[in-house]
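Working notes, structure below.
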Amino acid sequence: MQSDLASIAHKFISSPFGLTALQASMRFDTTLPFLNSSATKLLQYLQSPELRSISSGTVLQQILNAIVDPPFFWDAFTKAFSDGLLTPDACRSFAWLLLQLISLPGTSTSYFTIATSPNIMDSLLKSPDGETRNLGQNIKHALPLDPSELHNDSETKPGGRHDNDHKDYKAISIMPTADELLSKERPFLRTADYVEDKSLLSSGTVQHVHVDNQFRLLREDMLGEIREEMKILTGTKPGNHKGVIIDGLQMFGIEAGDDRKRSAWGITFQCTNDIPQMRKIDPTKRLGYLKDNRQILRQGNMACLFIDSVAVAFPTINRDETELAKSPPLLTLQFMDDDTLNYALSRMKSSGSIKLAQLDSAIFAFEPFLDRLQEMTDVPLSQELFHLTEGDKIPGPSFQPKGTIARIEAHAGKDIKDLLSISKTIVLDESQLDSLSSCLRQRVSLVQGPPGKLPLCFFSFPNSFRNWKKFYWRSGRKDLA
């Protein structure tokens, strides 16, 4: 096929016989070989983002309408998919075409009937092809909306991009899914002007939106590291992978601890190929070597499970050194949810090879904060952080060391080490004195040091001045003299 999509599209639309010829060619032959070959190649060609962008999508809309109306081709294509007769490429093209059809303005209700059919939707969501599953999620997400709204701002709403994209951020699994990393759609992230525009949000939702956005932003930082590592693992980016890679895994059993101490259950795999770092270690020294080298299959470390060279899950490692020291070693993996586990087990039934790659991304640096954001039901100091406007007076804490404030202000330009009960000489200039006084009078304050100096932040006033002195000095601001 020719590569200049714009020129081809213009010829089809401008020619009096272009769309008519396309209609005739798509209904001339509706046999299975045609559906799996020529028709699929045409639909793959039409999936180019370049074509979708021409004239705000109206050109693609005209071409698709010519293909499916009258519905000789569409009926045959739908029946072949429902009967399981299409190739993986053809199934993916069917899912893409169905998504386009239910997203068109004024679309026929017959397409919604097909999309809501349990047989169609289950086949899409359980497809062995990851891109087809993601298209199924897109379709599922679109269905609850009013048909007249499906074409408006669909990319600015949360949910539906893949199996781990949800409207409620608390429903999002912190660990990614295979389909999520496979998805090429941009994640849902609110812009700063939206989050900060109070006219768009009620006072009751502003802190929820803020926490939701912080969760999504932080998690996207984490996923960025994982995506880069996955590119190295799959060979799409040059580089050396630092984590352990074990090929030739075989499912061995289930591990749930013993009667005295139960643990979160996981799947145990036997490593028919030894752990690379252990191959030359004396059998009597394997256990000691593992104890001395805890970076090898670290406890709680996230890994990627490949089945037939396809990433299917991101379990965590349960490091049992006694089992790993065996020959052959036994490795236990814990899966984040039942859906991921069920999908991995179904793929293992007919698998030719199972491989595990220990990921080197610093997930541990993100996970505790993401967990806390999902658990939050209220934001401390929300009034000061979200609802104050310029000129508003910042409220003071219930406890104020008024006597200490007065004594500090009376020592302008003098040494205040005795007031702070410290040995180092501290002399504050006027701006430093104003900043310190504000910190003691207000519930929330921020003091920014000069360039190159560590800033000092107060987010909540301590219960006593003694505790404040400890926090103040340990914060690193030793440049006030």
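Quick note: the sequence shown uses this note's numbering, first residue 25, plus one each step. All residues carry an ideal CB built from backbone N, CA and C; glycine is no exception.
Buried versus exposed, by CB contacts within 10 Å (16 or more), residue i
i	result
Ser61	exposed
Pro73	exposed
Asn264	exposed
Arg185	buried
Gln472	exposed
Asn176	In this prediction, Asn176 scores a pLDDT of 40, lower than 50, which makes its location untrustworthy; the coordinate-derived value is nonetheless stated afterwards. Exposed: under 16 other Cβ atoms inside 10 Å.
Leu317	Before going on, a small fix: residue 317 reads as Asn here, not Leu. Exposed: under 16 other Cβ atoms inside 10 Å.
Lys35	exposed
Tyr135	buried
Ser172	Unreliable placement is indicated for Ser172, whose pLDDT of 37 sits below 50; no coordinate value is reported for it.
Gln319	exposed
Thr340	buried
Asn342	buried
Ile446	exposed
Leu412	exposed
Ser39	exposed
Ile278	exposed
Gly9	Outside the modelled stretch of the chain, which goes from 25 to 505, sits residue 9, for which no answer is possible.
Ser469	buried
Thr44	exposed
Gly508	Residue numbering for the chain in the displayed model covers 25 to 505; residue 508 lies beyond these limits and cannot be assessed.
Phe495	Its pLDDT being 37, under 50, Phe495 is placed unreliably in this model, and the coordinates cannot settle the point.
Phe359	buried
Ser287	exposed
Start and end residues, beta strand (DSSP E) containing residue i
i	result
Asn342	340-342
Lys379	378-382
Ser469	469-471
Ala335	334-337
Ala327	327-331
Leu457	Run containing Leu457: none in the beta strand (DSSP E); it sits in the alpha helix (DSSP H), 454-465.
Leu354	354-358
Cβ-Cβ separation, residue j to residue i (assumed contact under 8 Å), whole Å
i	j	result
Phe293	Leu355	5 Å
Leu121	Leu46	Not really, about 14 Å apart at Cβ, beyond 8 Å.
Cys295	Leu311	Going by Cβ atoms, the distance from Cys295 to Leu311 rounds to 16 Å, so no, they are not a contact pair.
Ala119	Leu148	5 Å
Arg51	Phe105	Going by Cβ atoms, the distance from Arg51 to Phe105 rounds to 17 Å, so no, they are not a contact pair.
Thr187	Gln161	Note on residue identity: the sequence assigns Asp, not Thr, to residue 187. Confirmed, Cβ separation roughly 6 Å.
Leu213	Leu241	6 Å
Pro353	Glu345	Not confirmed; about 10 Å, so no contact.
Ser461	Ile429	6 Å
Lys508	Asp271	Here the chain comprises residues numbered 25 to 505, so residue 508 is not present and cannot be evaluated.
Ser507	Ala166	Summary: the structure shown does not reach residue 507, with the chain confined to residues 25 through 505, and so no result is reported for it.
Met199	Phe338	5 Å
Leu159	Arg116	7 Å
Gln521	Gly437	Past the boundaries of the shown model lies residue 521; the chain is included only from 25 to 505, so the question cannot be answered.
Residue range of the unbroken alpha helix (DSSP H) whose run includes residue i
i	result
Glu166	Reading off the sequence shown, one finds Ala at residue 166, where the question assumed Glu. Start and end: 154-166.
Leu67	64-70
Leu365	362-373
Gln319	Premise fails: Gln319 is in no alpha helix (DSSP H) and is neither H nor E.
Ala48	42-52
Lys441	441-444
Phe101	96-106
Ser423	The residue you asked about is not Ser; residue 423 is Phe in the sequence shown. No alpha helix (DSSP H) holds Phe423; DSSP gives it neither H nor E.
Asp192	First-last for Asp192: undefined, no H or E at that position.
Asn89	82-92
Asn143	142-149
Pro112	112-127
Leu109	Careful: Leu109 lies outside any alpha helix (DSSP H) and carries neither H nor E.
Ala349	It is not in any alpha helix (DSSP H) - Ala349 carries neither H nor E in the DSSP assignment.
His34	29-38
Ile138	133-139
Leu75	73-77
Any non-hydrogen atom of the ligand FMN closer than 6 Å to residue i Cβ
i	result
Lys150	Annotation note on the ligand FMN: not contained in the displayed structure, which lists no ligands.
Three CB pairs or more closer than 8 Å across the region 308-325 and the region 361-379: Contact between the region 308-325 and the region 361-379 is absent, because fewer than three Cβ pairs lie under 8 Å.
Beta strand (DSSP E) runs wholly inside the region 206-293, at least 3 long, in chain order: Fully enclosed beta strand (DSSP E) runs of 3 or longer: 269-271, 273-281.
Ordered list of alpha helix (DSSP H) runs contained in the region 385-416, each at least 4 residues: Counting only runs of 4 or more residues that sit fully inside the region 385-416, the alpha helix (DSSP H) segments are 391-399, in chain order.
The region 195-207 touching the region 150-168, judged by at least three CB pairs closer than 8 Å: Verdict: yes, contact present.
Sufficient close CB pairs (3 or more, under 8 Å) joining the region 383-390 to the region 242-256: Touching, yes, given that three or more Cβ pairs across the two stretches are closer than 8 Å.
Sufficient close CB pairs (3 or more, under 8 Å) joining the region 445-464 to the region 395-411: By the criterion of at least three beta-carbon pairs nearer than 8 Å, the region 445-464 is not in contact with the region 395-411.
Meets three-Cβ-pair contact criterion under 8 Å: the region 294-308 and the region 330-340: Taking a cut-off of 8 Å on C-beta distances, the region 294-308 does not touch the region 330-340, as fewer than three cross pairs fall below it.
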